[in-house]
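Engineer:
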Ligand code: DGL
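Numbering (my numbering), first residue to last: 80 to 363.
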């Protein structure tokens with residue numbers, strides 16, 4: 080058996096990269112829904128349907144656990160699938176399978192508060208407001224998932240989300256840094272104007288953006304900490320697997336890369352991030 084890592088495109092490679100370090104001997108199948116990317120401007124019901132179809136592909140490919148390495152899918156579809164689809168599907172399949180997201184691990188990394196401590200933290204008065212900027216797809220920003228989940232954990236963090244409607248598509252099609260830089264700078268400037276000052280810390284709340292994290296670092300004031308979502312997610316997955324031996328992550332360290340879109344080499348941004356040429360096979 081193995082772990083499935085899912086994204087609409089190449090963004091989830093950033094999470095896979097971190098999983099490589101945390102779970103080197105796990106067998107991992109990466110699935111990119113490049114026939115339907117980007118997800119970020121689609122209606123919620125479509126995002127739920129596409130995410131469910133990709134989870135089924137990964138379970139059919141032998142995965143026990145699917146990680147939604149896609150903020151848009153996690154923000155819009157994860158709870159729906161966990162509550163209304165997974166229990167029956169699991170029964171029909173006759174083996175333990177599960178779907179996990181990446182937003183809660185990221186929020187725990189940003190607040191230092193897990194859900195058990197959330198209530199205690201709320202009572203703890205802090206003087207300084209910590210401003211967290213979230214760069215995300217329109218669907219993730221509209222879901223307000225970061226605002227809602229952070230409010231449960233801390234009164235001391237104010238969250239401002241900046242929707243970036245074109246960025247995931249531009250990264251997916253491998254646009255050059257010179258084209259991407261002004262787009263990133265524009266979003267950082269827009270968020271800064273809205274807050275009235277730059278954010279104290281930032282989350283790249285779309286896994287595609289991590290691929291061009293250097294452009295965000297350059298556009299934000301020097302030294303602005305970026306919460307590292309892939310690392311937080313990989314760490315949470317490793318701890319989850321340690322608590323749940325019923326899910327078999329494999330032990331051969333095998334990596335498979337599948338796409339619903341055009342099979343073959345991925346663009347230069349993906350190769351630069353990955354450190355070598357990267358080729359995806361057609362998903363069955
Ligand atoms: N990389 C994904 C995310 O984290 C999806 C971006 C998109 O498909 O719009 O949101």
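Glycine included, each C-beta is placed from N, C-alpha and C at the ideal position.
Can you name the start and end residues of the beta strand (DSSP E) that residue 276 belongs to?
Structural biologist: Unbroken run through residue 276: none, as it is neither H nor E.
Engineer: My parser needs the beta strand (DSSP E) runs of 3 or more residues fully inside the region 104-132; what are they?
Structural biologist: Fully enclosed beta strand (DSSP E) runs of 3 or longer: 107-111.
Engineer: Where DSSP assigns a beta bridge to residue 335, which residues make up the other side?
Structural biologist: In DSSP, residue 335 forms a bridge with 108.
Engineer: Should residue 206 go down as buried or exposed, given a rule of 16 or more other Cβ atoms within 10 Å for buried?
Structural biologist: Any reading at residue 206 is ruled out, since the residue's pLDDT is 40, under 50, leaving its predicted position unreliable.
Engineer: Among 141, 191 and 150, which has the Cα closest to the Cα of residue 177?
Structural biologist: For residue 177, the nearest C-alpha among the options comes from 141.
Engineer: So who's on the other strand from residue 213, going by DSSP bridges?
Structural biologist: According to DSSP, which records beta bridges pairwise, residue 213 is partnered with 240 and 282.
Engineer: Evaluate contact between the region 295-305 and the region 278-285, counting only Cβ atoms and requiring at least three cross-stretch pairs below 8 angstroms.
Structural biologist: Yes: the two stretches touch, three or more of their Cβ pairs being nearer than 8 angstroms.
Engineer: Apply the 10 Å Cβ neighbour rule to residue 273 and answer buried if 16 or more other Cβ atoms are within range, or exposed otherwise.
Structural biologist: Exposed, because fewer than 16 other Cβ atoms sit within 10 Å of the Cβ of residue 273.
Engineer: Got a sec, what are the start and stop residues for the alpha helix (DSSP H) residue 43 sits in?
Structural biologist: Residue 43 falls outside the range modelled here, since the chain spans only 80 to 363, and no answer is possible.
Engineer: Out of 161, 110, 214 and 270, point me to the one whose CA is closest to residue 339's CA.
Structural biologist: Among 161, 110, 214 and 270, the Cα nearest to that of residue 339 belongs to 110.
Engineer: Terminal residues of the continuous beta strand (DSSP E) containing residue 83?
Structural biologist: It spans 81-86 - the beta strand (DSSP E) in which residue 83 sits, taken as one unbroken run.
Engineer: Can you give me the Cβ contacts of residue 208 inside the same chain, cut-off strictly under 7 angstroms, excluding the 5 residues immediately before and after it?
Structural biologist: Only 235 and 237 meet the Cβ criterion.
Engineer: From which residue to which residue does the beta strand (DSSP E) around residue 181 run?
Structural biologist: Taken as a continuous stretch (DSSP letters only), residue 181 belongs to no beta strand (DSSP E), as it is neither H nor E.
Engineer: Measuring alpha carbon to alpha carbon, tell me which residue in 128, 232, 254 and 183 is nearest residue 346.
Structural biologist: The option with the nearest alpha carbon to residue 346 is 254.
Engineer: State the start and end residues of the unbroken beta strand (DSSP E) segment that holds residue 316.
Structural biologist: No beta strand (DSSP E) contains residue 316, which is instead part of the alpha helix (DSSP H) from 308-322.
Engineer: Compare the beta carbon distance of residue 262 and residue 245 with 8 angstroms and say whether it is the shorter of the two.
Structural biologist: Contact: yes.
Engineer: Within a Cβ cutoff of 6 angstroms, which residues of the same chain sit near residue 98, ignoring the five residues on either side of it in sequence?
Structural biologist: So the list reads 313, once near-sequence residues are dropped.
Engineer: Report all residues from its chain with a CB closer than 6 angstroms to the CB of residue 248; omit the five preceding and five following residues, and keep chain order.
Structural biologist: Excluding sequence neighbours, residue 248 sits near 117.
Engineer: For the candidate residues 179, 187 and 212, whose alpha-carbon lies nearest to that of residue 295?
Structural biologist: Nearest option by C-alpha distance: 212.
Engineer: What do you reckon, is the C-beta of residue 150 under 7 angstroms from a heavy atom of ligand 1?
Structural biologist: Under cutoff, so the answer is yes.
Engineer: Would you say the beta carbon of residue 111 is closer than 7 angstroms to some non-hydrogen atom of ligand 1?
Structural biologist: The answer is no for residue 111.
Engineer: For the region 161-170 against the region 317-334, do three or more pairs of beta-carbon atoms, one drawn from each stretch, fall closer than 8 angstroms, so that the two count as touching?
Structural biologist: They do not touch, by the three-pair rule.
Engineer: Below 8 angstroms on the Cβ atoms is my contact criterion, and I expect residue 242 with residue 215 to pass it. Report the Cβ-Cβ distance as a whole number of Å.
Structural biologist: The pair is a contact, with the Cβ atoms about 6 angstroms apart (cut-off 8 angstroms).
Engineer: Rounded to whole angstroms, what is the Cα-Cα separation between residue 285 and residue 334?
Structural biologist: Their Cα atoms are separated by approximately 23 angstroms.
Engineer: Is the beta carbon of residue 180 closer than 8 angstroms to that of residue 137?
Structural biologist: Contact flag unset, no.
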